[in-house]
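**Q** If you're matching them up, the sequences are chains A and B in order. Final position of the first sequence in the numbering used here is 288; the numbers increase by one with none missing. Final position of the second sequence in the numbering used here is 1309; the numbers increase by one with none missing.
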Amino acid sequence: MKRRASSFKADSGREPRSAFGRSRLAYALLTAGLLVVVFPFVWTMLASFKPEGEIRQNPPTLLPAEWTTSNYTGLFERMNMGTAFLNSAIVAIALVVANLLLCSMVGYAFAKLRFRFRNTLFGLVMVQMMVPAIVVMVPQFVLIAKLGLVNTFLGIVLPFIVAPLGIFMMRQFIADIPDELIQAARVDGAREFRIFFSIVLPLCRPALATLGLITFMTSWNNFLWPAVVAQSEDMYTLPVALAIFSNAQATQYGLLIAGAVVVVAPILLLFLFLQRYFVQGIASTGLK
Amino acid sequence: MAVTLERPALKEKPSLKIRKPRNSWVAWIFVLPFVIVFVVFWAGPLLAGLGMSFTDMRSTDVRDPLAVDVVGVENYLRLFTDDLMRKAALNTLIFVVTTLPLTIALGLAAAVALNSGISRLPAAFFRLGYYTPYITSIIGIAVAWRFLLDPDAGPVNQFLAWIGIDGPAWLSDERTALPVIIVMTAWRSFGFDMVVLLAALQGIPKELYEAADIDGAGRWQRFRSVTVPMLKPALLFCTVYSSIGFAQFMEEPLVMTRGGPAGATTSASLAIYNQFGAGAYGYAGAAATVLFTVIVALALLQFRIGRRS
């Protein structure tokens, strides 16, 4: 933080006058834009602590005149939000663990091992990235039904245990690890699995952090597939529970927006504290 | 000729073998997780979906595959005469064609503003704020927006009433429902384009701008003849990536309008989802196949155009 603050001073000191005027306009526009972007979050979050009557009151209040957590307690009593929260966490953590291991294994093979059809296979990774979930949803569901995995965690998780974006990220990262390191281990007689687990994987820590976060976020926010596989309330993930509740209780805004906050807040907090990894992931995979 | 060309290659192989051990079966173990998941959960279903689209398969047939009859292209013909499907296709087209330029324009504007001499700390702060909606759950966002736009309880119309405007019932009015979802999606998505375009902007060599300055180019000219051409790959990426995503929009109307009023916000994906819910697997498969074909064609077309210019 300190280092950034000092570079902030140095930068503005170096700016010539005209550029300063110009950047003042940029500041004004960016601030206005930021207010528009942040307003829905702030308003909703504050409103979720108001009693139902105050939410509907006209003229509205910005800060709750009467702070209450009754929307949140009602949420957990009435819509089984605790279970949904737990389900979302189980699914997300399972997918993070699976993707960290499997994507880096596959990425290692694509980056450092030679085998037939390597390029063809990598092309297929790209193909899978392009296949929209909605397009394969019906046959995927039929398959899951045949396997007897409807309404199970395994059914929700299986199609996503090795995401193509993760393979792509890990391949890019592992490709930059010097070949000599791996060659030296091979000369010493280490097997590929040893090399992978004791040399490659520890070096991948920064990439794994990014991959873990992106996987967690994607899983936490995913709606379509969990909505298809989870068929009873005790298997709903948060977005599924919220969407169903929202269709059933169209006007119970207190409960609804408290639900929205519970879905959004964990990712928001992760993002605020670890945003470096999120943005890095987008920037590094998006453009290469 | 072929023989003389092959010989040296054959001779070289043994020496290669010594330096790089042929670990090809080990490599296959490493890629096996991907191969299995790809074949079983993606390629298989993609082909099965295509096959399904030529049958009258329904949800009840999952246990009894013998009840499924091949009906040829009947599902596809029905698709083109189904008013709701046609409406869904049109809505999706309108949605993509309007949301795409809006999102990219906002993303570009934010990226250019952030790159115009903003100091690092505030720049990081703005970037964080703008990116926030993109990483949060669409369902959560859609619920929040439905509340904000509620004609009675929502602050949007309450503010409008303050300045004497009688705001419409945004989501239950056929004229405003889809535009509202378009604006919301642009609001949610432009942060992604901003991050990509900002990275590209920062990669433009300063010398190019200096050369343009020497040539006496004004600010607009510099933007048009240096910035935009240098941003082309990033813009192309944003266009292709976003249009693939936008062509599948469904959570927003599902939560905010349930596709209504009168099908005004039913998207292609939502229509497929509803057909699946109604148990019409064959019909849903046909719609999904058409959507996939359009998405792939769109992506290829954009790459073509992007490469040519």
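Heads up, the beta-carbon is just placed ideally off N, CA and C, and yes, glycines get one too.
In chain B, what lies closer than 9 Å to leucine 149 of chain A by C-beta?
**A** Within 9 Å Cβ-Cβ: nothing; leucine 149 of chain A doesn't reach chain B, min ~11 Å.
**Q** Mind pulling the chain A residues with CB within less than 7 Å of valine 1068 of chain B?
**A** The contacting residues do not exist; valine 1068 of chain B stays about 11 Å from chain A at best.
**Q** What separation, rounded to the nearest whole angstrom, lies between the Cα atoms of glutamine 252 of chain A and proline 1179 of chain B?
**A** Answer to the nearest angstrom: the Cα atoms are 25 Å apart.
**Q** Applying the 10 Å Cβ sphere with the 16-neighbour rule, what's the burial state of asparagine 222 of chain A?
**A** Answer is buried; the Cβ neighbour count reaches 16.
**Q** Kindly list, in the order they appear in chain B, the residues whose Cβ is closer than 9 Å to that of leucine 34 of chain A.
**A** Ordered by position in chain B, the residues that pass the 9 Å Cβ test against leucine 34 of chain A are Phe1125, Phe1126, Gly1129 and Tyr1130.
**Q** What is the rounded straight-line gap between the Cα of glutamate 192 of chain A and the Cα of leucine 203 of chain A?
**A** So the alpha carbons of these two residues sit roughly 15 Å apart.
**Q** Leaving out five residues before and five after lysine 2 of chain A in sequence, what residues of the same chain have Cβ atoms less than 6 Å from its Cβ?
**A** In this prediction, lysine 2 of chain A scores a pLDDT of 38, lower than 50, which makes its location untrustworthy; the coordinate-derived value is nonetheless stated afterwards. Nothing meets the Cβ criterion.
**Q** When the Cα atoms are used, what is the spatial distance from methionine 45 of chain A to isoleucine 1138 of chain B?
**A** About 16 Å.
**Q** Using beta carbons (cut-off 8 Å, strictly below), is glycine 259 of chain A in contact with chain B?
**A** Glycine 259 of chain A counts as touching chain B.
**Q** Counting contacts by CB-CB distance shorter than 8 Å, is isoleucine 90 of chain A in contact with chain B?
**A** Closer than 8 Å: no.
**Q** Using a Cβ-Cβ cut-off of less than 7 Å, give me the residues of the segment 49-60 of chain A that come near chain B, in sequence order.
**A** Per Cβ criterion, the list reads Ile55, Arg56, Asn58, Pro59 and Pro60.
**Q** Would you please verify whether the beta carbon of methionine 105 of chain A is less than 8 Å from any beta carbon of chain B?
**A** Yes - at least one Cβ of chain B is within 8 Å of the one on methionine 105 of chain A.
**Q** At a Cβ threshold of 8 Å, is glutamine 128 of chain A touching chain B?
**A** Answer yes: the Cβ-Cβ gap between glutamine 128 of chain A and chain B drops below 8 Å somewhere.
**Q** At the 8 Å Cβ level, is threonine 1136 of chain B part of the contact set with chain A, yes or no?
**A** Yes, threonine 1136 of chain B counts as interfacial toward chain A.
**Q** Taking C-beta pairs closer than 7 Å, name the residues in chain B that phenylalanine 85 of chain A reaches, listed in chain order.
**A** Going along chain B, no residue has its Cβ under 7 Å from phenylalanine 85 of chain A, so there is no contact; the nearest lies around 13 Å.
**Q** Note the first and the last residue of the continuous alpha helix (DSSP H) segment covering glycine 1098 of chain B.
**A** Sequence inspection shows threonine at residue 1098 of chain B; the glycine mentioned does not correspond to that position. 1083-1114 is the span of the alpha helix (DSSP H), which, as asked, contains threonine 1098 of chain B.
**Q** What residue from B/Asn1115, B/Arg1307 and B/Pro1045 has the CA that sits closest to methionine 1194 of chain B's CA?
**A** Of B/Asn1115, B/Arg1307 and B/Pro1045, the residue nearest in Cα terms is B/Asn1115.
**Q** Which of the residues in the segment 63-82 of chain A, read from start to end, lie with their CB under 7 Å from any CB of chain B?
**A** Result list empty, no residue passes.
**Q** Per DSSP, which residues does valine 1180 of chain B bridge with? Please list them.
**A** The partner list for valine 1180 of chain B (beta bridge, DSSP) is empty, contrary to what the question assumes.
**Q** Does the CB of tyrosine 236 of chain A have a neighbour CB from chain B at under 8 Å?
**A** No, its Cβ sits nowhere closer than 8 Å to a Cβ of chain B.
**Q** Which two residues bound the contiguous alpha helix (DSSP H) that contains phenylalanine 110 of chain A?
**A** That run of the alpha helix (DSSP H) goes 81-112.
**Q** For valine 157 of chain A, return the contacting residues in chain B, with the cut-off set at a CB-CB distance below 8 Å.
**A** Those within 8 Å of valine 157 of chain A in chain B number zero; the least Cβ separation is about 11 Å.
**Q** On the CB-based measure, 16 or more other CB atoms within 10 Å of its CB, does lysine 50 of chain A come out buried or exposed?
**A** Lysine 50 of chain A is buried by the Cβ-count criterion.
**Q** Output the distance between the C-alpha atoms of leucine 154 of chain A and phenylalanine 110 of chain A, rounded to the nearest integer angstrom.
**A** Taking the straight line from one Cα to the other gives about 27 Å.
**Q** So, is the C-beta of alanine 1286 of chain B closer than 8 Å to a C-beta in chain A?
**A** Chain A, which has no Cβ nearer than 8 Å to the Cβ of alanine 1286 of chain B, makes this no.
**Q** At 7 Å on the CB atoms, spell out the chain A contacts of alanine 1113 of chain B, in chain order.
**A** Simply Ala26, Leu29 and Leu30.
**Q** How long is the line joining the alpha carbons of isoleucine 1036 of chain B and leucine 113 of chain A, rounded to whole angstroms?
**A** Between isoleucine 1036 of chain B and leucine 113 of chain A, the C-alpha separation is close to 19 Å.
**Q** Using the beta-carbon count (16 or more within 10 Å), is alanine 65 of chain A buried or exposed?
**A** It is exposed - the Cβ of alanine 65 of chain A has fewer than 16 other Cβ atoms within 10 Å.
**Q** Please list, in chain order, all residues of the same chain as tryptophan 1145 of chain B whose beta carbon is under 7 Å from its beta carbon, the five residues on each side excluded.
**A** So the qualifying residues of the chain are Met1184 and Met1256.
**Q** Distance cutoff 8 Å, beta carbons only. Does valine 138 of chain A sit that close to anything in chain B?
**A** Judged by the 8 Å Cβ criterion, valine 138 of chain A is in contact with chain B.
**Q** Whole angstroms are fine: how far does the CA of alanine 1111 of chain B sit from the CA of valine 1226 of chain B?
**A** For valine 1226 of chain B and alanine 1111 of chain B, the distance between alpha carbons rounds to 15 Å.
**Q** Could you confirm whether any beta carbon from chain A is found closer than 8 Å to the beta carbon of phenylalanine 1095 of chain B?
**A** Answer no: the Cβ-Cβ gap between phenylalanine 1095 of chain B and chain A never drops below 8 Å.
**Q** If you draw a straight line from the alpha carbon of leucine 1128 of chain B to that of methionine 130 of chain A, how long is it in whole angstroms?
**A** Each residue's Cα considered, the two are about 27 Å apart.
**Q** Using a Cβ-Cβ cut-off of 8 Å, state whether aspartate 1152 of chain B counts as contacting chain A.
**A** True, the Cβ-Cβ gap to chain A drops below 8 Å.
**Q** Exposed or buried, which one is arginine 171 of chain A when buried takes at least 16 other CB atoms within 10 Å?
**A** When all chains shown are included, arginine 171 of chain A counts as buried.
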